[in-house]
Amino acid sequence: MADPTNSEIAAAFDELGDLYELDGAIIHRVVAYRNAAKVVRDASVSVAALTRDGRVTELPGIGATLETKLVALVETGDIPQAARLRAKFPAGLLEMTRLPGLGPKRARRLYEELGVDSLQSLETAARQQRIRDLKGFGVRAEENFLAAIARANADAADGKTGGRFVLDRALAIAEPLLELLRAHPTSHRVELAGSARRWADSVKDLDIIATADDPRALAEALTASDLVESIAGVGDAGARVRTHSGMGVDLKVVAPDQFGNLLQHFSGSKEHNMALREAAVKRGLHVSEYGVLDDATGETLRCATEQEVYAELGYAYIEPELRENRGELRAALLDGGSGLPELIREEDVRGDLHSHTTASDGRNEIEEMAEAAQALGYEYLAITDHSASHGFGDEVSAEQLEIQIERIHAANAAFPGIELLAGSEVNIMPDGSLDYPDELLARLDWVIASVHSSFRIDERAMTERVVAAIEHPWVDAIGHLTGRKIEARPPYAIDVERVIEAAARTGTMLEINAAPDRRDLNDVHARAAAQAGVRILVNSDAHRTRTLASSRRYGIATARRAWLTAEQVANTRGWAQFAPLRKRAGTVSPPG
DNA sequence: GCCGTTTTCGGCCCGACTGTTTTCAGTCG
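For reference, each letter of the first sequence is one residue, going 1 to 592 in this note's numbering.
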């Protein structure tokens with residue numbers, strides 16, 4: 001049997017946590033499963049393989065008991081306790097607990113006292129007014145259940161999954177709103193909070209924290225924006241609105257001396273804040289959005305800035321991108337610790353190694369892309385159109401590539417300020433071969449290889465396919481390794497750990513594709529790759545001049561979430577330093 | 001069920017909101 005993937009293991013832990021919760025287990029046990037699910041989901045290595053090696057308890061949050069369950073899952077495909085509890089509680093019960101406002105305690109009572117075991121029977125019971133007679137339930141409960149079921153059905157009919165927005169769409173809403181609020185005469189400080197501030201892949205809604213002389217006036221300014229479709233509430237504390245694109249926006253106007261506490265609290269992540277607070281409690285300090293309560297003095301310290309919040313708790317300032325409880329608290333301890341990295345910034349980027357032109361599916365000519373790159377101050381730009389098997393009418397035959405090489409070299413001569421690399425984004429075929437002859441690949445200045453077809457082959461085959469490309473002497477880098485499209489398409493099955501090992505061994509670079517719906521490598525993989533010594537690239541994959549600039553910040557955000565410094569990203573180097581890092585630079589050219 | 005610069009046992013973040021309550025449990029973020 002094939003090993004379960006990390007996401008399958010995580011799903012099994014989440015399910016078991018839910019089942020234990022229904023079964024009435026103490027909440028800390030349930031939380032332990034949910035925490036373990038998250039650790040597994042974020043792990044950069046195969047948890048099944050770690051389990052086989054007897055090393056899985058090295059992961060934080062996995063102890064002896066969970067190890068036993070993992071062994072069962074890996075060896076038999078299921079966890080016995082989960083099978084037992086599934087027999088005890090109908091599947092519909094878990095579905096019921098996903099309704100907002102209905103949790104495990106009350107779902108279980110509905111099941112035991114009324115026999116309600118699905119959304120359908122819940123709806124029926126509510127309509128028949130049988131729920132209101134239960135102790136602790138009332139008429140309102142029936143109304144709320146019916147409304148929640150109706151909303152869930154409507155969302156399902158609309159094809160809404162989680163209602164999450166890819167970050168670029170979210171920022172396209174957030175940025176004009178921030179501008180509007182900052183320009184308002186009554187406002188002083190206006191900051192984006194929440195997962196958008198942490199540059200997460202996607203966000204559910206927007207949180208904005210502000211201070212103002214006239215809070216209500218600022219709140220009303222938000223509600224008056226023409227982006228706003230409806231107003232859920234407005235007052236002295238702020239406003240809650242929904243935009244025409246369906247994005248919820250929550251503005252909180254707070255006292256200036258608590259701005260730091262509230263911004264820190266609402267920036268999250270939940271995991272970061274929980275770990276922060278837990279550590280604080282051990283020192284007699286209690287952190288909330290309103291301040292830091294000191295047991296010793298009984299005083300609550302209010303902080304106007306986040307820097308003060310972290311300093312009060314004994315930490316250096318932690319950049320929002322790092323606040324995921326992935327070791328940042330330990331690193332930020334002011335007394336000792338290894339220290340936080342100096343994170344890469346957008347302005348560190350000196351070149352781009354992945355771009356398209358009209359030769360394949362891009363919208364601009366070589367010269368237009370060169371001008372756009374120069375405008376960004378770049379020293380080099382690789383033109384990497386798709387290769388011979390790309391299809392969709394966007395393929396570039398070997399003969400066409402020969403012409404394209406000439407055109408790029410001619411353009412290079414015409415643009416003395418920038419190095420234009422004749423490159424290609426070569427398809428990695430299902431068998432691991434490339435779709436140009438080696439002699440042609442050898443004549444290029446740069447080759448990035450990517451998977452664009454046959455996504456559904458199994459993990460072993462996909463891994464061997466990509467490793468074969470990594471071992472190819474003319475492949476300088478691998479593009480968008482996992483093929484994911486955020487909120488649209490899951491990554492394909494591939495053993496990233498083995499890919500990283502092969503890339504480190506051969507000196508092949510791995511790309512963080514900066515397209516906002518890709519960001520692939522993701523943060524966890526990029527961090528693991530850099531730690532293994534792999535050189536990382538942040539590439540736009542631009543298909544037009546505009547995205548050469550506009551995508552970059554999403555790639556940099558992923559690099560920062562991966563704890564990367566400028567040093568660890570190869571294209572922060574000038575051309576003279578970058579050129580010899582290409583794999584081909586150290587390779588003897590084959591004859592011919 | 002995990003974990004250890006007060007612990008190998010006894011802790012395990014903090015507050016808001018809701019609906020059903022006469023002081024709180026459940027749920028959520």
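Just so you know, even glycine gets a beta-carbon here, dropped at the ideal spot from N, CA and C.
Listed in chain order, the beta strand (DSSP E) runs fully inside the stretch 200-268 are 205-212, 228-235, 238-243, 248-253, counting runs of at least 3 residues. Looking from the CA of Lys88, the closest CA among Thr97, Asp117, Gly77, Gly61 belongs to Asp117. Within the stretch 523-588, the complete beta strand (DSSP E) runs of at least 3 residues fall at 536-539. In the structure shown, Gly17 falls within a helical segment according to DSSP collapsed to helix, strand and coil. When beta bridges are read from the DSSP output, His386 appears opposite Glu425. A Cβ-Cβ distance of about 15 angstroms is found for the pair Ala493 and Ile428, leaving them out of contact under the 8 angstroms criterion.
When Glu346, Ala477, Glu471 are compared, the shortest CA-CA separation from Leu564 is found for Glu346. As the crow flies, the alpha-carbon of Ala442 is around 11 angstroms from that of Ala422. As far as DSSP is concerned, Val475 takes part in no beta bridge. For Arg198, there is no enclosing beta strand (DSSP E), since its DSSP letter is neither H nor E. In the three-state reduction of the DSSP assignment, Thr305 falls in the coil class. Taking a 10 Å sphere around the C-beta of Lys105, we find fewer than 16 other C-beta atoms and assign the residue as exposed.
Along the stretch 133-162, the beta strand (DSSP E) does not occur as any fully enclosed run of 3 or more residues.
For Val466, DSSP assigns no beta-bridge partner whatsoever. By the neighbour-count criterion, in which 16 or more other beta carbons inside 10 Å mark a residue as buried, Leu334 falls on the exposed side. Boundaries for His452: no beta strand (DSSP E) harbours it, and the DSSP string shows neither H nor E there. Around Gln404, the same chain offers Ala359 as residues with beta carbons nearer than 6 angstroms, after the five sequence neighbours per side are excluded. For Ser288, the pairing in a beta bridge is given by DSSP as Gly291. Each of Arg407, Gly163, Ala461, Leu102 was checked against the Cα of Gly432, and the nearest Cα belongs to Ala461.
Within the same chain, Ala331 come within 7 angstroms of Gly339 by CB-CB distance, once the 5 residues on both sides are set aside. In the DSSP assignment, Val496 falls within the alpha helix (DSSP H) that extends over 496-506.
A direct Cα-Cα distance of roughly 19 angstroms separates Gly586 from Leu537. Under the criterion of beta carbons closer than 8 angstroms, Arg323 and Ser267 qualify as touching, at roughly 7 angstroms. Under the DSSP assignment, Asn412 falls in the alpha helix (DSSP H) whose first and last residues are 398-414.
Tyr436 and Arg242 have their alpha carbons spaced roughly 51 angstroms apart. By the C-beta density criterion, Gly351 is buried, having at least 16 other C-beta atoms within 10 angstroms.
Taken atom to atom, the span from the alpha-carbon of Thr545 to that of Glu367 is near 10 angstroms. Secondary structure at Val39: helix, using DSSP grouped into helix, strand and coil. Between the beta-carbon of Asp42 and that of Val524 there is about 5 angstroms, and that keeps the pair under the 8 angstroms contact cut. Secondary structure of Thr482 (DSSP, three-state): coil.
In the displayed model, Ser44 falls within coil according to three-state DSSP, outside both helix and strand.
Bounds of the alpha helix (DSSP H) holding Arg277 are 270-281. With fewer than 16 other CB atoms across the displayed protein chains lying within 10 angstroms of its CB, Ile26 is exposed. Residue pairing from DSSP places Val190 in a beta bridge opposite Ala210.
Closest option to Ser7, judged by alpha-carbon separation, among Ala37, Glu220, Arg363, Leu206: Ala37. Contact between the stretch 192-208 and the stretch 265-281 is present: 3 or more CB-CB pairs across the two stretches fall below 8 angstroms.
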